[in-house]
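Heads up: the structure comes next, in structure tokens.
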Amino acid sequence: MTRLSLCMIVRDEADMLPDFLAATEGLRDEFIVVDTGSTDATRDLLAAAGARIIERPWDDDFAGARNAALCEATGEWVLSLDADERPSADLRQEI
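Numbering-wise, the sequence shown is residues 182 to 276 according to this note's numbering.
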């Protein structure tokens with residue numbers, strides 16, 4: 182079976198995460214998150230959703246943070262999303 186790793190970068194996304202988690206439920210076999218310094222409930226929400234959380238200080242390098250998540254991914258496929266993105270119905274169907 183093909184596995185999909187969902188990767189994301191976050192910081193203080195607790196308000197966005199409930200909808201994001203609902204929208205990606207069932208799509209992810211693995212959930213890798215790079216947290217760049219959250220001070221709200223972001224890490225708690227992600228941990229409850231089964232995410233593997235990597236803490237990395239923000240250094241103004243989106244590529245570095247994204248690559249930190251990608252290096253941890255073990256799925257054959259990787260879906261990289263931000264907390265304000267939602268997969269469309271068409272994308273969910275294809276996955």
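Each residue gets a CB set at the ideal place from its N, CA and C atoms; glycine is no exception.
- Closest in alpha carbon position to Cys188, among Asp196, Leu272, Thr205 and Phe212, is Phe212.
- Here Leu185 carries a strand assignment [DSSP, helix/strand/coil].
- Here the C-alpha atom of Phe201 lies approximately 12 Å from the C-alpha atom of Gly207.
- Rounded to the nearest angstrom, the Cβ distance from Val191 to Ala264 is 6 Å, consistent with a contact under 8 Å.
- The distance from the Cβ of Ala249 to that of Arg233 is about 12 Å, inconsistent with a contact at the 8 Å cut-off.
- When DSSP states are grouped into helix, strand and coil, Asp225 belongs to the helix group.
- Cβ-Cβ distances below 6 Å link Arg267 to Ala204 in the same chain, with the five nearest sequence neighbours on each side left out; the list follows chain order.
- Thr217 sits close to Trp239, with the two beta carbons spaced by under 7 Å.
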